[in-house]
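S.K.: Below are the structure tokens for one structure; questions will follow.
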Amino acid sequence: MKDGRGRLTSNALVSYVRTKNPENLHLLWAPLKQQINHGKDPESFLKNPRNQVGIEVCQIIMGQAKKATSDKMAVYKAALELGCQTDSVGIWRKFLLALSSPKRAIKKFQKNKANLPACKKIEIVSLSNTTTVIRLHWLEDIQLSSDFCLFAKGTFQAVPAMFYLPPARLWERVCFFEGGPYCEYEMWWDGKSSRKSRHLGTSLNNEPLQWSQKQETKDKERPNTQNKGRNSMKRDGKPQPQRPITKKQQGAIQHPGKIARQMDELFTRIQATASLMLTNINADHPYFRHLTAIEGMAQKGANLKKQLVLSPNPDKAKHEASQRKTSTKMRWPTDILKGAECVLLADDEDMILNIGQQMLKAIGYRVLTAKTGLEAIEIYKKNKNSIALVILGLMMPDQDSCMKVYKTIRELNPGVGILISSGYTLDRDARQILEHGRNGFIQRPFSIKQLSEKMRAILDN
């Protein structure tokens, strides 16, 4: 079957494998010797939008991408990263940007099926400015793999990112590949306007702006400009004695005045939110670098140095000395729900364990950590009388699924609270977990406020 809609899928997978595992890129087209004409470059053929890529070929490439990257979620990540590339200048992305909002873009998805292979119909059940429920009806005359569903999830979650918003959160209500009549997704996203950010991002790459910046630099180097600056000083042509003053800010300091308090609150929120979001995503996440930069700038607030050029003033010496002696402890926003219980944090990422432990301790909890499912079970057996909540990651290296860890802990203590954490959508195992006992689910990335609320909702139940 020939179908041109597979070209977006093949392009996304080729780009993803080239970025993650370039040495295994040849595995993508290894089984496609008959489909690709001899003498043609397979990579160029698969990435060329003019070439027709069939559904069968697309299904083969999806399977090969998982082998090349040793990642069963490679298809989902490839689709998500393609849409989240804010520097992309592809025709499809330019076309969607012209629609000005995710709501209109999803309507356009419905009209032309958004280049989703094997999808015969997109049904919009409900749609608003920040939420939608859609149904994907798949072809039934050929055998399809669940990779098509993963690619569709990544594609739809990336729609808000095309408008410089965070990716949408997605919950799969019904899955065609698990026996349902269709795939039904519920999605919600940030509703803030992205018009200003979009124009800003476009203008930063604008050639006229770059030319203007070069001209401004040349103007500063001209002798006439330098003479004007020199003549603006005192008559003797010498500037006043100046010295830099370094001030160190000890976290978020509470100052009198409404504006100062608001700035302190904002600084604390940024620092806490960025740090916690980074603990719950890996380096493959499209927003990892962006959040790393935000966290770095926020953490510098604890050692913030402001270089101020001031004229010497003996009258200010005592005041500056008193300011240097002043120190206050960092405070959290008042809407962060704290606790004192013992929490077991289980995840296979060192970054999540290290920073997660620090963040949980900062809001009052006692924390035990486990890097594998087996280690989590052993730690819980030894401390089951003191552990009140288990934060369990969906992916464990020594378990087929978190369901095994969950069942074992439930057998040891049916009343313990368990919070499932994942950067992916809610799968069948996680839905089964949520149906019984004191459980909860939180999708990454999330803020410290959301985490504290989820934890208290389980612990106080």
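The sequence shown begins at 62 in the numbering used here and counts up one residue at a time.
In this text, a Cβ means the ideal position worked out from N, Cα and C, and glycines have one as well.
On a predicted model such as this, the values are computed, not experimentally measured, just so you know.
#1: Is DSSP giving residue 122 helix, strand or coil here?
#2: Let's test the definition: count the other Cβ atoms within 10 Å of the Cβ of residue 142 and tell me whether it reaches 16, buried, or not, exposed.
#3: Is the number of C-beta pairs between the stretch 193 to 202 and the stretch 69 to 86 that are closer than 8 Å three or more?
#4: Between the stretch 466 to 477 and the stretch 422 to 429, do three or more beta carbon pairs fall short of 8 Å?
#5: Name the residue from 483, 140 and 476 whose alpha carbon lies nearest to the alpha carbon of residue 450.
#6: Excluding the 5 residues flanking residue 202 on each side, which residues of the same chain have their C-beta closer than 8 Å to its C-beta?
#7: Going by the DSSP bridge assignment, what does residue 502 pair with across the sheet?
#8: State the DSSP-derived secondary structure class of residue 449, mapped to helix, strand or coil.
#9: I need the straight-line Cα distance from residue 516 to residue 509, nearest angstrom please.
#10: Going by Cα to Cα distance, which pick from 131, 184 and 444 is closest to residue 474?
#11: Kindly indicate which three-state DSSP category residue 134 falls into: helix, strand or coil?
#12: State the Cα-Cα distance for the pair residue 402 and residue 472, rounded to the nearest angstrom.
#13: To the nearest angstrom, how far is the alpha carbon of residue 206 from that of residue 136?
#14: In whole angstroms, what is the alpha-carbon distance linking residue 460 and residue 118?
#15: Using the Cα positions of residue 419 and residue 172, report the straight-line distance between them to the nearest angstrom.
#16: Do residue 140 and residue 241 have their beta-carbon atoms positioned less than 7 Å apart in this structure?
#17: By DSSP's criteria, residue 230 is part of a beta bridge. Which residues make up the other side?
#18: On a CA-only basis, which of 162, 239 and 233 is nearest residue 223? Give me that one, please.
M.R.: Looking at the coordinates:
#1: Locating residue 122 in the sequence shown gives position 61, where the first residue counts as 1. When DSSP states are grouped into helix, strand and coil, residue 122 belongs to the helix group.
#2: As a first step, residue 142 must be located in the sequence shown, where it is residue number 81. With 16 or more neighbouring CB atoms inside 10 Å of its own CB, residue 142 falls in the buried class.
#3: No contact exists between the stretch 193 to 202 and the stretch 69 to 86.
#4: No: the two stretches stay apart, fewer than three of their Cβ pairs being nearer than 8 Å.
#5: For the purposes of this step, residue 450 is taken as the residue at position 389 of the sequence shown. Residue 450 has its Cα closest to that of 476, out of 483, 140 and 476.
#6: Within the sequence shown, numbered from 1, the residue matching residue 202 stands at position 141. Within the same chain, and ignoring the five residues on either side of residue 202 in sequence, no residue has its Cβ closer than 8 Å to its Cβ.
#7: Counting from 1 along the sequence shown, the entry for residue 502 is found at position 441. Within the DSSP secondary-structure output, residue 502 pairs in a beta bridge with 481.
#8: For this step, residue 449 is matched to residue 388 along the sequence shown. Of the three classes helix, strand and coil, the one that applies to residue 449 here is strand, per DSSP.
#9: For this step, residue 516 is matched to residue 455 along the sequence shown. For this step, residue 509 is matched to residue 448 along the sequence shown. Rounded to the nearest angstrom, the two C-alpha atoms are 10 Å apart.
#10: Counting from one through the sequence shown, the residue named residue 474 turns up at place 413. For residue 474, the closest C-alpha among the options 131, 184 and 444 is that of 444.
#11: As a working mapping, residue 134 is identified with position 73 in the sequence shown. Judged by DSSP in its simplified three-state form, residue 134 adopts coil rather than helix or strand.
#12: Sequence index remark: in the sequence shown, residue 402 carries index 341 (1-based). Sequence index remark: in the sequence shown, residue 472 carries index 411 (1-based). Cα-Cα distance, rounded: 21 Å.
#13: Locating residue 206 in the sequence shown gives position 145, where the first residue counts as 1. Locating residue 136 in the sequence shown gives position 75, where the first residue counts as 1. Taken atom to atom, the span from the alpha-carbon of residue 206 to that of residue 136 is near 12 Å.
#14: The residue labelled residue 460 in the question sits at position 399 within the sequence shown. The residue labelled residue 118 in the question sits at position 57 within the sequence shown. Because residue 460 sits at a pLDDT of 49, beneath the cut-off of 50, its placement in the model cannot be relied upon, and the point is left open.
#15: For the purposes of this step, residue 419 is taken as residue 358 along the sequence shown, with counting starting at 1. For the purposes of this step, residue 172 is taken as residue 111 along the sequence shown, with counting starting at 1. Going by the C-alpha atoms only, they are around 48 Å apart.
#16: Taking the first residue of the sequence shown as position 1, residue 241 is located at position 180. Taking the first residue of the sequence shown as position 1, residue 140 is located at position 79. Judged by their CB atoms, residue 241 and residue 140 are not nearer to each other than the 7 Å cut-off.
#17: To locate residue 230, count along the sequence shown from 1; it is residue 169. DSSP output for residue 230 lists 249 as bridge partner(s).
#18: Within the sequence shown, residue 223 is the residue found at index 162, counting from 1. For the residues 162, 239 and 233, the minimum Cα distance to residue 223 belongs to 162.
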